[in-house]
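Numbering (the working numbering), first residue to last: 2 to 147.
All residues carry an ideal CB built from backbone N, CA and C; glycine is no exception.
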Amino acid sequence: MYILSEESKIASNFILRITKEEWFKQVFTIKKYYPGIIRRWKEGSLIFLIRRSDRGDSLVGYGIVGKFVKREFPQDYEKRECERMGWKGAILFDELYRFELPLPIKETFLGGFKARGRCWHGYPLTDKQAYDILETAKSLCDIKKT
Numbered sequence: 002m003y004i005l006s007e008e009s010k011i012a013s014n015f016i017l018r019i020t021k022e023e024w025f026k027q028v029f030t031i032k033k034y035y036p037g038i039i040r041r042w043k044e045g046s047l048i049f050l051i052r053r054s055d056r057g058d059s060l061v062g063y064g065i066v067g068k069f070v071k072r073e074f075p076q077d078y079e080k081r082e083c084e085r086m087g088w089k090g091a092i093l094f095d096e097l098y099r100f101e102l103p104l105p106i107k108e109t110f111l112g113g114f115k116a117r118g119r120c121w122h123g124y125p126l127t128d129k130q131a132y133d134i135l136e137t138a139k140s141l142c143d144i145k146k147t
């Protein structure tokens, strides 16, 4: 399991909001996500995944970044698709965890923030904030490694 330093105040973890069902399934199938935003995707960082649910935007899982590959892919089709969609590269996850039941953002400390909907995409989190989300998820959700 991932160990977080509670003293870190630097945002090195992020939230990604997945809008399409196809991309949601792809993330958990191939452990890869193509972000269209620029961030400092670092090895070992946590990426929390959220989706819209019947209870509002909800956390559906998280992953530990293995590496970030820029658009210089060996397969031409992947490079063309990234250019066409405006993706900046691919986040490859070392580990990926899925919440059996989505955890509504409003049931975490994030519920008090003003961010809504697409504003969550790329939202930065400190290690302390990421740790707090993990603790809430552990107490309210079954978490399954994929």
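Just checking, does the stretch 12-19 make contact with the stretch 43-51 on the three C-beta pairs under 8 Å criterion? Below 8 Å, enough C-beta pairs join the stretch 12-19 and the stretch 43-51 to call them touching: three or more.
In chain order, what residues of the same chain lie with their CB nearer than 7 Å to the CB of Ile144, ignoring the 5 residues before and after it? Around Ile144: Tyr98, Phe100, Ala138.
Every unbroken alpha helix (DSSP H) inside the stretch 17-48 [4 residues or more]: Fully enclosed alpha helix (DSSP H) runs of no fewer than 4 residues occupy 22-31 of the stretch 17-48, in order along the chain.
Flag this pair as yes or no: are the beta carbons of Phe94 and Gly64 separated by less than 8 Å? The answer is yes: Cβ separation under 8 Å.
Give me, in chain order, the residues of the same chain whose beta-carbon lies closer than 7 Å to that of Pro36; leave out the 5 immediate sequence neighbours on both sides. The answer, listed in chain order, is Leu17, Trp88, Lys89, Ile92.
Suppose contacts are defined by Cβ-Cβ distances below 8 Å. Is Ile106 in contact with Gly62 by that definition? Contact: no.
Per DSSP, what kind of secondary structure is Gly67 in: helix, strand or coil? If DSSP states are grouped into helix, strand and coil, Gly67 belongs with the strands.
Residues in its own chain within less than 6 Å of Glu96 by CB, not counting five upstream and five downstream? If we look at Glu96 and ignore the five residues flanking it on each side, its Cβ neighbours are Ile65.
Cβ pair Leu111, Leu141 closer than 8 Å: If you check the CB distance, Leu111 and Leu141 do not come in under 8 Å.
Roughly how many whole angstroms lie between the Cα atoms of Phe69 and Phe114? Phe69 and Phe114: Cα-Cα distance of roughly 28 Å.
Rounded to whole angstroms, what is the Cα-Cα separation between Lys71 and Asp133? Lys71 and Asp133 have their C-alpha atoms spaced approximately 30 Å apart.
Across which residues does DSSP place Pro103 in a beta bridge pair? Listed as beta-bridge partners of Pro103 by DSSP are no residues whatsoever.
Are the Cβ atoms of Ala116 and Asn14 separated by less than 8 Å? Against a cut-off of 8 Å, the Cβ pair of Asn14 and Ala116 comes out as no contact.
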